[in-house]
Amino acid sequence: MKKIILFLGMLCYNFSTYAQEIISLPFDKIEDVKYKNKEKQYFSNQWGVQVVTNVSKPNLIVYQPSEDKRNGTAVIIAPGGGLYGLSINSEGIDVANWLVSKGITAFVLKYRLVPTGEDGAAEINELFVSNPELMLKRVAKVMPYSIQDGLNAVDYVRKNAKKYGVQSDKIGFMGFSAGGAVTMGVAYNCVASNQPNFLVPVYPWTTAMPVKAPADNASPMLIICATDDPLDLAGGSIELYNAWHQKKISVALQMFSQGGHGFGMVAKGLPSDKWIERFYDWAVAEKFVIEK
24 MKKIILFLGM
34 LCYNFSTYAQ
44 EIISLPFDKI
54 EDVKYKNKEK
64 QYFSNQWGVQ
74 VVTNVSKPNL
84 IVYQPSEDKR
94 NGTAVIIAPG
104 GGLYGLSINS
114 EGIDVANWLV
124 SKGITAFVLK
134 YRLVPTGEDG
144 AAEINELFVS
154 NPELMLKRVA
164 KVMPYSIQDG
174 LNAVDYVRKN
184 AKKYGVQSDK
194 IGFMGFSAGG
204 AVTMGVAYNC
214 VASNQPNFLV
224 PVYPWTTAMP
234 VKAPADNASP
244 MLIICATDDP
254 LDLAGGSIEL
264 YNAWHQKKIS
274 VALQMFSQGG
284 HGFGMVAKGL
294 PSDKWIERFY
304 DWAVAEKFVI
314 EK
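Note that our numbering has the sequence shown beginning at 24, numbered continuously upward.
Laid out in structure tokens, this is it:
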């Protein structure tokens with residue numbers, strides 16, 4: 024009997040962390056790109072996280088706080104994974120659940136990825152060493168469509184702000200690594216209807232999305248990275264900060280001395296574990312989040 028009660032308790036706990044809704048986003052077919060394998064979720068031993076690969080149809084997974092806790096802020100979350108996969112828990116669902124605990128409505132974006140075989144994580148790891156040019160070539164082909172998915176996500180949330188109890192001027196976009204590159208692409212390609220009100224690229228992949236001067240009306244930004252990022256993304260993050268700063272657009276940079284790459288919501292016993300609290304402090308100070 025105790026085992027049954029324990030199972031039911033675990034089931035209730037798991038259900039409490041599930042999304043309330045999944046929204047299909049509009050998309051155009053990617054020319055000369057074919058998805059031979061279906062979308063797949065599995066645990067990657069190489070990355071040590073839960074991964075989703077072969078996303079060919081973009082969607083948003085909605086996580087809502089209770090009505091009495093809701094503060095009107097929304098954050099769209101783009102997980103990372105080199106555009107070959109999505110670190111769906113550590114850089115997606117776990118982030119969403121933390122934000123929901125603070126009254127923020129969260130939308131995890133499953134944007135389109137490079138088609139892969141059975142293990143996209145292993146595939147990109149191998150290409151990164153054996154043929155980085157081919158890896159980046161495949162990424163460059165899909166990236167514009169991933170960015171369009173991000174823009175469509177912002178457009179959807181803004182058009183449905185009332186439905187979710189969100190204020191249309193408090194919609195943020197947060198992305199990790201390749202998702203950070205998508206975040207930058209959204210910043211560079213948005214128009215009024217799909218421009219996020221604030222941007223949070225976390226260890227953004229500036230190799231795949233080079234830094235350039237922002238538009239004069241670009242959104243405020245918080246950049247998060249670690250100096251010891253093994254992909255050497257600290258330099259790109261500083262360059263991104265300077266690009267915003269030179270245009271006198273509100274920008275902040277949280278650089279941790281240690282943390283490596285892909286720390287997400289994985290506890291490492293380092294100050295980088297608190298990155299999401301630093302985001303929250305920034306969002307409150309900038310009045311993108313109004314505490315109840």
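Think of the CB as a built atom: it goes at the ideal place given N, C-alpha and C, for glycine as much as any other residue.
DSSP places Q171 within a helical segment (H, G or I) once states are collapsed to three. Taking C-alpha positions only, M207 is separated from A215 by approximately 16 Å. The Cβ-Cβ distance between L132 and G173 falls below 8 Å. Annotation: the continuous alpha helix (DSSP H) that includes F151 extends over G143 to S153.
With fewer than 16 other CB atoms across the displayed protein chains lying within 10 angstroms of its CB, A236 is exposed.
Taking a cut-off of 8 Å for Cβ pairs, the segment 48-58 and the segment 85-95 do not touch, as fewer than three such pairs fall below it.
Contact between A210 and S242 holds: their C-beta atoms lie close to 7 Å from each other, under 8 Å. A Cβ-Cβ contact shorter than 8 Å links I170 with V205.
Secondary structure at I246: strand, using DSSP grouped into helix, strand and coil. Apart from sequence neighbours up to five positions away, the residues of its chain that approach F286 with a beta-carbon distance below 6 Å are S295, ordered along the chain. In this structure G143 touches N77 by the C-beta definition: roughly 7 Å separates them, less than 8 Å.
The C-alpha of I246 is placed about 14 Å away from the C-alpha of D252. Secondary structure note for K92: it is in no beta strand (DSSP E), with a DSSP letter that is neither H nor E.
Put simply, the backbone Cα of K61 is about 28 Å away from that of V289. Shortest Cα-Cα distance from S113 to any of V72, S79, S153 and I147 involves V72.
By the Cβ neighbour-count rule, E146 is buried, with 16 or more other Cβ atoms within 10 Å of its own. Of the candidates K52, S67, V312 and N212, V312 places its Cα closest to the Cα of G195.
Beta-bridge annotation (DSSP): V75 is paired with Q64 and L109. Cβ-Cβ separation between P49 and N212: approximately 16 Å, too far for a contact (criterion under 8 Å).
By the Cβ-count criterion, V152 is exposed, with fewer than 16 other Cβ atoms from all chains shown falling within 10 Å of its own Cβ. Between S191 and N217, the alpha-carbon positions lie close to 11 Å from each other.
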